[in-house]
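What follows is a short report on a single structure.
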Amino acid sequence: MPMSFEYRGMLINLPDFDRERKEYFEHAAQKKLVVQKCKGCALLRWDPGPACPWCQSLEWTWQQVSGKGTIYSYEIVTHAIQPGFRDWVPYPVALVELDEQRGKPSPDEGVRLITNVVDENFNPEKEENVGIGKRVEVVFLPVAEGVFLPQFKLSKEQPTERVWQFQNV
Amino acid sequence: MGRLTDRYCIVGVGETEYSQASGRTTRAMAVEAVKRAMDDAGLNASDVDGMMSYHGGDSTTSTTVVSDLGIRLNFYMDCSGGGSSTEALIGLAIGAIEVGMCHTVAIFRSMNGYTQVRIGGTGARARAPITEAGVMTRPYGYMSAAQNFAFSFMRHMYEFGTKPSQVAMVKVVGSKHASNNPKAFMKKRMTVEDVLNSRWIVKPVHLLDCCLETDNATCVIVTSAERARSLKQRPVHILGVAGRVCKPRIEVHYQFGPITRVAGYHAKDIVFPMAGVTHEDIDVTSCYDAFTWTTLLQLEDYGWCKKGEGGDYVSSGIIALGGKRPNNTSGSHLCEAYTHGMNMVIENVRQLRGTVDDYCPNWQKGQHTYDYSEGHCRQVKDAEIAMSMGWGTPALGSALIMRR
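So the sequences go chain by chain: W and U.
Counting with the numbering used here, you get residues 292 to 460 for the letters of the first sequence.
Counting with the numbering used here, you get residues 927 to 1330 for the letters of the second sequence.
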């Protein structure tokens, strides 16, 4: 069955033929964060797609990941472009690097996901709490009947590297 | 010099008014820009036999424009694309002429970027149902160019200590140049404080870090050097071109570090050797300013300064009129108009002709005062070689080197 749901007034469509992305969301519905694992070279990748960018293999399988990671970069949206986000500003968008494959296959690479940083109530995390280097973990936001959107919240783990926050100077 | 030397030229440039209220179709604007470029070159309808255009959202087709202007084509190509397309299409036009498909190509971009398809992303585009790749990003309120690019600059500040007050200098310098450009939509001179105190769009991006959203059409005409010699303007010769050069994994380029590196890192290795010139040979540049820091990142990766030193470089005075190598002398996208790159190339063509349309009384005769104070000159003295650096995304760039 195709997945189709509304979130913040936006219609999101996942037809059956969009196999990789639909299966990603089917796993999220079971509160599992998954990424693709190449059957050729065993590297993990994001976002969902049909081929391995390192070995070009078309064979892959889903791999559940820990959902733990570090904020690699971030931004605070203050002027919403999409109408459904006007009542949600200011909200952080983060590039989260998962723990599973940091610095592989080359030192500057890793598996990085785009996400919001939310608090315990799935509201936008406060700007003063967000920064590069902060530890985060996945949570699943219920958005419709049987549909969950992977999000990340700040972890209780201490940062293992330099924490940096934007300053307007 | 390189293998393109003295073989192909830009012979005509043209544009409509730069405004936020064109009150016209993209068709009517495109026809005007092409006609103005033909008049600039001294070309009749029967002298143009090739046309190319690029579009993202709104535009019009080559076939519409040539039907309106009575041009019979031997070649045309309309393709999707935004920034970085101008230089790429100039390269393709050379290829089409080289193999004999046609001899003179008009390249245009027409957009109601404020009143029809807003470049900032607001309006109809933000309300469309979400499918395909957008499913992984738009539910997170991540969609516009500012939102898509900001990770790169945030990481640059983290890695190199670059400050918003440094990158604001790109706007300050652009506004200085625009104040001497009668065509510029935003002519007011700005300060660093103006930029830092302007409202937030997406931190770290202030409103005045962002380019304008405007309605306009622009056109450049490419032909052989042989034909160029009999035309109206002093020919501007194309020395080197790099078209739509990409970083690895372009659509998810933030997977492949360093994410502070942009596509110019790769484009420079094509365009400089092709042109047979070095950085020191170049007198004037234009560097795509979708945002202040897109210019900064590109200037670093094209090698004008060391990686990470862009903040100091753009603050040094080098890129301002009167400096060693002025950049974006029209005010470009931040202050003149947003054209998806073509106004940067048009400005450099006029710089190399020596007939920049500033406030000098006899600019049309190439007589300039070189007084760069507000409301006066913006001609670079004795400009012989110019370079344009086009940007599509952090992962996509093009470049063009020209000489007079």
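From the three backbone atoms N, C-alpha and C, an ideal C-beta is built for every residue, glycine too.
None of these values were measured; they are calculated from a predicted model.
With distances taken between CB atoms, is the gap from residue i to residue j smaller than 8 Å?
i: U/L1222; j: U/G1237; result: yes
i: U/A1325; j: U/V1197; result: yes
i: U/Y897; j: U/M1270; result: Nothing about residue 897 of chain U can be read from this structure; chain U reaches only from 927 to 1330.
i: U/H1266; j: U/M1037; result: yes
i: W/P339; j: W/Y365; result: no
i: W/E350; j: W/K328; result: no
i: U/R897; j: U/R1276; result: The requested residue 897 of chain U is not part of the displayed model; chain U covers only 927 to 1330.
i: U/I1164; j: U/M1328; result: yes
i: U/D975; j: U/T1030; result: yes
i: U/R1251; j: U/D1207; result: no
i: U/V937; j: U/Q1159; result: yes
i: U/T1220; j: U/W1126; result: no
i: W/L445; j: W/N414; result: no
i: U/M1315; j: U/T1211; result: yes
i: U/A1032; j: U/A963; result: yes
i: U/S933; j: U/A1151; result: At residue 933 of chain U the sequence reads Arg, which differs from the Ser that was named. Against a cut-off of 8 Å, the Cβ pair of U/A1151 and U/R933 comes out as a contact.
i: U/V1188; j: U/Q1092; result: no
i: U/A1193; j: U/A1168; result: yes
i: U/F1034; j: U/S979; result: yes
i: W/E416; j: W/V409; result: yes
i: W/I303; j: U/M1062; result: no
Just mark residue i as buried or exposed, buried being the case when its beta carbon has 16 or more other beta carbons within 10 Å.
i: U/Q1305; result: buried
i: U/A956; result: buried
i: U/F1001; result: buried
i: U/V1025; result: exposed
i: U/C1145; result: buried
i: U/P1320; result: buried
i: W/Q373; result: buried
i: U/D1227; result: buried
i: W/L389; result: buried
i: W/M292; result: exposed
i: W/Q442; result: buried
i: W/G422; result: buried
i: U/Q1290; result: exposed
i: U/N1254; result: buried
i: U/K1173; result: buried
i: W/R453; result: exposed
i: U/R1195; result: Checking the sequence shown, residue 1195 of chain U turns out to be Asp, not Arg. That one is exposed.
i: U/G883; result: An answer regarding residue 883 of chain U cannot be provided, because it is not within the stretch 927 to 1330 covered by chain U.
i: U/G1039; result: buried
Straight-line CA distance for residue i to residue j?
i: U/L999; j: U/L1018; result: 16 Å
i: U/V1171; j: W/N412; result: 44 Å
i: W/K322; j: W/F457; result: 32 Å
i: U/S1124; j: W/I367; result: 15 Å
i: U/M1083; j: U/E1119; result: 19 Å
i: U/Y1066; j: W/V325; result: 18 Å
i: W/V438; j: W/E314; result: 12 Å
i: U/G1009; j: U/F1182; result: 22 Å
i: W/S348; j: W/Q392; result: 19 Å
i: U/G1234; j: U/Y1068; result: 26 Å
i: U/M1080; j: U/D1135; result: 14 Å
i: U/K1089; j: W/N459; result: 8 Å
i: W/R377; j: W/A371; result: 5 Å
i: W/F308; j: U/V939; result: 46 Å
i: U/A967; j: U/E1310; result: 20 Å
i: U/C1028; j: U/S1006; result: 22 Å
i: U/L1122; j: U/E943; result: 30 Å
i: U/A1072; j: U/I1020; result: 33 Å
i: W/G300; j: W/A435; result: 12 Å
i: W/P306; j: U/I1016; result: 39 Å
i: W/V450; j: U/C1303; result: According to the sequence shown, residue 450 of chain W is Pro rather than Val. Those two C-alpha atoms are separated by around 54 Å.
i: U/S972; j: U/T990; result: 16 Å
i: U/A1094; j: U/F1077; result: 17 Å
i: U/H1205; j: U/H981; result: 31 Å
i: U/G983; j: W/E448; result: 45 Å
If we require 3 or more residues per run, which beta strand (DSSP E) segments fall completely within the segment 346-410 of chain W? With a minimum length of 3 residues, the continuous beta strand (DSSP E) runs that stay inside the segment 346-410 of chain W are 351-355, 359-368, 382-389, 403-409.
Complete beta strand (DSSP E) runs within the segment 1153-1191 of chain U (minimum length 3 residues, chain order): Within the segment 1153-1191 of chain U, the complete beta strand (DSSP E) runs of at least 3 residues are 1162-1172.
Under 8 Å, with one C-beta from each stretch per pair, do the segment 1140-1155 of chain U and the segment 943-954 of chain U reach the 3-pair mark? Three or more Cβ pairs drawn from the segment 1140-1155 of chain U and the segment 943-954 of chain U lie within less than 8 Å of each other, which places the two stretches in contact.
I'd like the ranges of any beta strand (DSSP E) spanning at least 3 consecutive residues and lying wholly in the segment 980-1019 of chain U. DSSP runs (the beta strand (DSSP E)) wholly in the segment 980-1019 of chain U: 1001-1006.
Cβ contact (3+ pairs, closer than 8 Å) linking the segment 357-364 of chain W and the segment 422-435 of chain W: In the pairwise beta carbon analysis, the segment 357-364 of chain W is classified as touching the segment 422-435 of chain W: at least three pairs are separated by under 8 Å.
Whole alpha helix (DSSP H) elements within the segment 1041-1076 of chain U, 4-residue minimum: Within the segment 1041-1076 of chain U, the runs of alpha helix (DSSP H) at least 4 residues long that lie entirely inside it are, in chain order, 1050-1053.
Does the segment 1284-1301 of chain U come within contact of the segment 1094-1106 of chain U, defined as at least 3 CB pairs closer than 8 Å? Contact holds: three or more Cβ-Cβ distances are below 8 Å.
In chain order, which alpha helix (DSSP H) runs of at least 4 residues are fully inside the segment 1095-1161 of chain U? Correct list: 1118-1123, 1151-1154.
Starting from the N-terminal side, write out each stretch of the alpha helix (DSSP H) that is 4 residues or longer and does not extend beyond the segment 1246-1317 of chain U. Those alpha helix (DSSP H) runs which fall completely within the segment 1246-1317 of chain U and span 4+ residues are 1258-1261, 1268-1279.
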